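Below is one structure, written out as structure tokens; the observations come after it.
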Amino acid sequence: MLDVATNYYEDLYREKPIDVSLWSSLFDGLPKLGVQDRALLDCEITVKECLDALRSMPDGKTPGDDGIPTETWRVVFPLIGSQYVKMLNIAKEKGRFKPDFLRALLTLLKKKNKFDGQMKDFRPLSLMNIDYKILSKVLSTRLRKVLGNIIHQDQTCSIPGRAIHDNIYLIRSIIDYQQRIRDPIGLILWDQEKAFDRVNHRYLVGVLEAFGFGSEFISWVKLLYANGSFRIKINNSISIPISFNSGVRQGCSLSGGLFIISLEPLLHRIRSNQAIPGILPPGGQYSNIRQVVLANKNNINPDHVRIKTIAYADDNNEPSIYWQLINRQYFRRPICEVRNPHLKDISFFRLLRESLPNRQLDFWLLLANFGIHTRSRLGHNDISRQCLLCPAVETPAHLFINCPILVGLFDILNNRIQSICGHKLNKAIMDVVYLKEILQMSPNRLTRRNMVFLIGCYLHTIWTFRNVVRHQCHQHQGLDPCIAARQFLAATKHLPFDNG
Ligand SMILES: [Zn+2]
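Position 373 of the sequence shown, counted from 1, bears residue number 373 in the UniProt record's numbering, the numbering being contiguous throughout.
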């Protein structure tokens, strides 16, 4: 077993031939890192940064090749911190670490739902020594602060404020919307096998240079990736050291960021290809909302908001999303229900299921089941926490009920609810998010279904509006979300949400 694994990984992590002549056309027109961002990445590493990195690591994790756990490091670091930083700087000056620093222990995890006894069905996880992890954590913490500025909105993996679910939700909205307007589209789903393990190290450095990363940061990356080796551990046997000459390490905090950077030039090439038409983002179920938001005012060229690529890591929490999209039967079922099959026995969710079209239902289940799953994506960092339309913090209650810019829409909803069942919602958060109170006050089943549908449409419309505006503001710094919101409100004023 160990021999099979050793042969397999020796081959996988061997450097593969690449065509360097393609680089210049691939890197052409990439955005450049700003001066401040570059300075942030390039500044001297401090003892405090290292200590913060060490503190952020979870306890109780399996240690790396040297067997020293995080807990021990935390005790001794105040004594050796300055020596540690000195060691890093000496290594950078010399251009290499001592081999022990980069030595990892590779353990193999079986991929869920997908295992037919082949080596490729294992996920290789590098157990790195903590001294390595401190440095990579410091670098990845810095990198995360700048990634959003150079990586297009299309990529949602490993970037603060973006979530894999954003893209899954967007794909579903696009398919759903196109079906609704009977405009057939084709999607090409491309799953990269062993994606992390196939990043060429020379290419990675080339991409970093093309994005305008500074020499210091690039030196650190080179240091971490030069002369690395690992040993495979299976049961209690450990293999001979294997050179690590290809790929970013799974299990290293820097690898997600480096991977999306290395993927970006390809996506950029696709985006700038005029022969690929792409698709406009779905703007809710009402065509006049879509026209208003996408109108050619504010000098928005519709070509610039077209979506041509969507990239995300599909094997974290949604192992079968790829197949769900292909398989219509699964596709019609909302993602949350698939992930949480126990929901189908709860009468509240059965009512939702009966009342709402798939698209709203998906959103509803996210909302109700996770207390709005979007809470996490709304509040990942300070930038995303602020409301698009006003200076307040964007909580679900703010977005759907209290935001002064959209509050007129909530009043329309409330009036409709009153006309259906004779009651008004009070502005307590739970009314909209959990619906329990509303369902209790409407005895009649048909009324309840109407109300669920009404509120589902309301929430979905606001959410879609927010996503479209957000998407556009990202691409067109000049677009004022408040103007878009006013146009949106004007367009929705006369729309009954319960018209389908
Ligand atoms: Zn607001």
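Glycine is no exception: its CB is placed at the ideal position from the N, C-alpha and C atoms. Since the structure is predicted, the reported quantities are computational estimates derived from the model, not experimental observations.
Determine whether the beta carbon atoms of Pro481 and Leu388 lie at a separation below 8 Å. yes
Can you have a look at Gly188 and say buried or exposed, based on whether 16 or more other CB atoms are within 10 angstroms of its CB? Residue identity differs from the one stated: residue 188 is Ile in this sequence, not Gly. Under this definition Ile188 is an exposed residue.
Please classify Met1 as buried or exposed, where buried requires at least 16 other C-beta atoms within 10 Å of its C-beta. exposed
Assign Thr464 to one of three DSSP states: helix, strand, or coil. helix
When you compare only the Cα positions, how much space is there between Ile462 and Phe488? 9 Å
With distances taken from each beta carbon to the nearest heavy atom of ligand 1, which residues come in below 6 Å, in chain order? Cys387, Leu389, Cys390, Ala392, His398, Cys403 and Ile405
Does any residue of chain D bring its CB to less than 8 Å from the CB of Asp411? This model lacks chain D altogether; it includes just one protein chain.
Top-ranked residue by Cα proximity to Pro391, from Pro404, Ala397 and Phe400: Pro404
Which residue from Pro99, Ser239, Val76 and Ile261 puts its Cα closest to that of Gly247? Ile261
Does DSSP put Gly371 in a helix, a strand or coil? Because the pLDDT at Gly371 is just 45, under 50, the model does not fix this residue reliably, and the point stays unresolved.
Which residues mark the beginning and the end of the alpha helix (DSSP H) in which Ser99 is found? Strictly speaking, residue 99 in this sequence is Pro, with Ser absent from that position. Where Pro99 is concerned, the enclosing alpha helix (DSSP H) stretches over Pro99 to Leu102.
Close Cβ partners of Gly29 (< 8 Å) along its chain, the five nearest in sequence each way excluded: His268 and Ser272
Whole-angstrom distance between Gly257 and Leu143, CA atom to CA atom: Looking at the two C-alpha atoms, the distance is approximately 7 Å.
At the level of alpha carbons, what is the spacing between Ser419 and Leu125? 58 Å
If you draw a straight line from the alpha carbon of Lys110 to that of Gly117, how long is it in whole angstroms? When rounded, the distance between both Cα atoms is 9 Å.
Exposure of Pro277, with buried meaning 16 or more beta-carbon neighbours within 10 Å: Note on Pro277: under 16 other CB atoms within 10 angstroms of its CB, so exposed under the neighbour-count rule.
Have a look at Asn415 and Val407 and give me their C-alpha separation to the nearest angstrom. 13 Å
Nearest to Leu361 by alpha carbon, out of Lys86, Arg449 and Ile307? Of the listed residues, the one whose Cα sits closest to Leu361 is Arg449.
Which residue marks the beginning of the beta strand (DSSP E) containing Phe230, and which one marks its end? Counting along the chain, Phe230 sits inside the beta strand (DSSP E) bounded by residues Ser229 to Ile234.
Taking C-alpha atoms, which residue in Tyr203, Val138, Ile185 and Leu170 lies nearest to Leu263? Ranking Tyr203, Val138, Ile185 and Leu170 by CA distance to the CA of Leu263 puts Tyr203 first.
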